[in-house]
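> One structure, pasted below without further comment.
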Amino acid sequence: MDFRLLRRFRADHSGVAATEFAFIVPLMLVMFFGTVEFCSAIAVDRKVTLMARTLSDLTSQSTSVGDTDMSNFFAASTGIMYPYSTTPVNATITELVVDSTGKQATVVWSKGSAPRTTGTTVGVPADLLVANTYLIFSEVNYQYVPTVGYVMAKTGINLSDVAYTRPRQSTCVFYSPKTSCT
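Taken in order, the sequence shown gives residues 35 to 216; the numbers are from our numbering.
Below you can see the structure in the form of structure tokens.
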């Protein structure tokens, strides 16, 4: 065996950079696209939060609402999701009444993708349980699916948020045809 040939081969570094590049590129691409998808998911999550707050806020500014108002509220709030798809959005607006003991809140009315049943109890943060008051409660869920393949999750990530507001113009926001809170 010719040892000179082995020494010359060992001393030759002409293809090292190309070999290292070939090993590093796939890792760099995964990291790049993973970062892009992670940032997009954070942006969508922020929009979900803003949508929940907007739905609750728009509803709480009214003294009464009807089907047309609800359609307008949902249409206005889904515009927040732009430039992301609104297809995976599920949103619900619910009015709750806190009982006289201030210990539980029950559904007065509910509209949206998954309306709650009237009279059912809903868990509310203890700080918001003020006896004999009303709350507007909005829920938004969004199934985020990565755009560039399955970097984060194959089935997507469920992003959700809720918002609570008190009626501003009256004791409650009644749903027409009702004309009073009771």
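Yeah, the Cβ is synthetic: ideal placement off N, Cα and C, and Gly gets one too.
Give me the Cα-Cα distance between residue 152 and residue 115, rounded to the nearest whole angstrom.
Here residue 152 refers to the residue found at position 118 of the sequence shown. Here residue 115 refers to the residue found at position 81 of the sequence shown. About 29 Å.
> Just to check, is the beta-carbon of residue 74 closer than 7 Å to a non-hydrogen atom of the ligand GDP?
In the structure shown, the ligand GDP is absent, as is every other ligand, since no ligand is present at all.
> Using the beta-carbon count (16 or more within 10 Å), is residue 51 buried or exposed?
Locating residue 51 in the sequence shown gives position 17, counting from the first residue. Result: exposed.
> Please check the pair residue 126 and residue 172, which I expect to be a contact at CB under 8 Å, by giving their CB distance rounded to whole angstroms.
The residue given as residue 126 occupies position 92 in the sequence shown. The residue given as residue 172 occupies position 138 in the sequence shown. Residue 126 to residue 172, Cβ: 7 Å. Contact.
> Which residues share a DSSP beta bridge with residue 146?
Along the sequence shown, one-based indexing puts residue 146 at 112. Beta-bridge pairing links residue 146 to 126.
> First and last residue of the beta strand (DSSP E) that includes residue 197?
If you number the sequence shown from 1, residue 197 lands on position 163. Its beta strand (DSSP E) spans residues 191-199.
> Does the separation of the CB atoms of residue 88 and residue 111 fall below 8 Å?
Residue 88 sits at position 54 when you count from the first residue of the sequence shown. Residue 111 sits at position 77 when you count from the first residue of the sequence shown. Yes. Within cutoff.
> Touching or not, the segment 61-77 and the segment 141-150, by the rule of three or more beta carbon pairs under 8 Å?
no
> On the premise that residue 176 lies in contact with residue 230, defined as a C-beta separation below 8 Å, what is that separation, rounded to the nearest angstrom?
The chain is shown only over 35 to 216; residue 230 falls outside these bounds and no answer can be derived.
> Got a sec? Which residues, its chain only, sit under 6 Å from residue 155 by beta carbon, not counting five neighbours each side?
Position 121 of the sequence shown, counting from 1, holds the residue named residue 155. Here the set comprises 138 and 140.
> Beta carbon of residue 75, beta carbon of residue 178: below 8 Å?
Numbered from 1 along the sequence shown, position 41 holds the residue referred to as residue 75. Numbered from 1 along the sequence shown, position 144 holds the residue referred to as residue 178. Their beta carbons are under 8 Å apart, which means residue 75 touches residue 178 by this criterion.
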